[in-house]
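Inspection log for the structure reproduced underneath, given as structure tokens.
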């Protein structure tokens, strides 16, 4: 079977320590190391004779092989931001650059895992066929598609479920199918839009660990949007905290936890509690209208 994973392990996140940032600051990364660069992104919605500025001058970069989480108040534009990055939503101004090329539509080097896993899977297709679908669009030969699909299903713990249909699986298993489909595509950047919001707490913990395992093995760059502060701190190397609308980055928080993380041990450490408290405090300030630019909302 063809392996999706490199034989050498990716560089540990601890080897790429980032300096702490203050509110409103953004860490710059050397251009050769940047997988994703978001530059002065702005989105204004127009309708019914008025304009709504959803996102304002949002700038940040994500290094190759980095796992970055995004949190913010409800309605802060997290999904708008992700869809703009994915080329699924036209921008008012600014640009998104993936691997040195400007994004003008859904790019070939990017995959997205959405929250609505049930709507993203085709119920009349088997699990295997769902995972294989984007590989057909990619133009791969049948034998190569089969090998990549089997490797992806094995990676997410669904090696024995390839002939099942999505409606026969639990919600957590359906989301594993969606993740397998993204993994099989072998993107350079994986976007995840609150992918575990609809599953129970135990399943969420399992899926969080699955994401970190795949991230380590694949070396893929991950941008993960969540409303769950603990999830963001547990998963990420950095947490971008968004302001309320019009959205800017309130703070770029470095998560200086050990690379190897455990649901029980990591979450019980003093440093995890400190980081969670800091991010929670920032989100609460954002909800009250605090902005790094000092402007009132």
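Numbering (our numbering), first residue to last: 603 to 899. Positions of the beta carbon are idealized from the N, C-alpha and C atoms, including for glycine. This one's a predicted model, so the numbers in the text were calculated from it and none came from an experiment.
Can you have a look at residue i and say buried or exposed, based on whether 16 or more other CB atoms are within 10 angstroms of its CB?
i: residue 717; result: buried
i: residue 754; result: buried
i: residue 854; result: buried
i: residue 680; result: buried
i: residue 833; result: buried
i: residue 721; result: exposed
i: residue 630; result: In this prediction, residue 630 has a pLDDT of 45, which is less than 50 and means its spatial position is unreliable; nothing more can be read from the coordinates.
i: residue 724; result: exposed
i: residue 757; result: buried
i: residue 879; result: exposed
i: residue 761; result: exposed
i: residue 726; result: exposed
i: residue 898; result: With a pLDDT of 48 at residue 898, under the threshold of 50, the modelled position of this residue cannot be trusted, and the question is left open.
i: residue 645; result: buried
i: residue 703; result: exposed
Which whole-angstrom value describes the C-beta separation of residue i and residue j, a residue pair presumed to lie in contact below a C-beta threshold of 8 Å?
i: residue 809; j: residue 826; result: Not quite, the Cβ-Cβ distance comes to about 11 Å (not below 8 Å), so this is no contact.
i: residue 822; j: residue 838; result: Incorrect: roughly 14 Å between the Cβ atoms, too far for contact.
i: residue 774; j: residue 805; result: 4 Å
i: residue 811; j: residue 865; result: 7 Å
i: residue 678; j: residue 845; result: 7 Å
i: residue 709; j: residue 689; result: 6 Å
Look at the alpha carbon of residue i and the alpha carbon of residue j, and state the distance between them as a whole number of angstroms.
i: residue 637; j: residue 698; result: 11 Å
i: residue 668; j: residue 776; result: 26 Å
i: residue 745; j: residue 691; result: 35 Å
i: residue 848; j: residue 871; result: 35 Å
i: residue 877; j: residue 759; result: 31 Å
i: residue 730; j: residue 671; result: 29 Å
i: residue 652; j: residue 660; result: 22 Å
i: residue 869; j: residue 676; result: 24 Å
i: residue 743; j: residue 824; result: 27 Å
i: residue 647; j: residue 693; result: 10 Å
i: residue 738; j: residue 747; result: 8 Å
i: residue 649; j: residue 892; result: 27 Å
i: residue 735; j: residue 769; result: 17 Å
i: residue 817; j: residue 781; result: 12 Å
i: residue 867; j: residue 875; result: 12 Å
i: residue 666; j: residue 635; result: 6 Å
i: residue 764; j: residue 784; result: 15 Å
i: residue 788; j: residue 711; result: 8 Å
Can you tell me where the alpha helix (DSSP H) with residue i in it begins and where it stops?
i: residue 724; result: No alpha helix (DSSP H) holds residue 724; DSSP gives it neither H nor E.
i: residue 786; result: 773 to 786
i: residue 863; result: Unbroken run through residue 863: none, as it is neither H nor E.
i: residue 749; result: 744 to 757
i: residue 804; result: 803 to 820
i: residue 662; result: Per DSSP, residue 662 belongs to no alpha helix (DSSP H); it is in the beta strand (DSSP E), 652 to 665.
i: residue 733; result: 729 to 739
i: residue 686; result: 680 to 687
i: residue 940; result: The structure shown has nothing for residue 940, since the chain only spans 603 to 899.
Measure the CB-CB distance between residue i and residue j and report whether it falls below 8 Å.
i: residue 682; j: residue 654; result: no
i: residue 842; j: residue 687; result: no
i: residue 814; j: residue 778; result: no
i: residue 851; j: residue 882; result: no
i: residue 795; j: residue 714; result: yes
i: residue 696; j: residue 641; result: yes
i: residue 639; j: residue 663; result: yes
i: residue 733; j: residue 766; result: no
i: residue 673; j: residue 885; result: yes
i: residue 859; j: residue 840; result: no
What span of residues does the beta strand (DSSP E) with residue i cover, start to end?
i: residue 644; result: 636 to 649
i: residue 823; result: 823 to 827
i: residue 840; result: 840 to 844
i: residue 855; result: 851 to 856
Less than 7 Å between the CB of residue i and some heavy atom of the ligand SAH, yes or no?
i: residue 671; result: This structure lacks the ligand SAH, and indeed carries no ligand of any kind.
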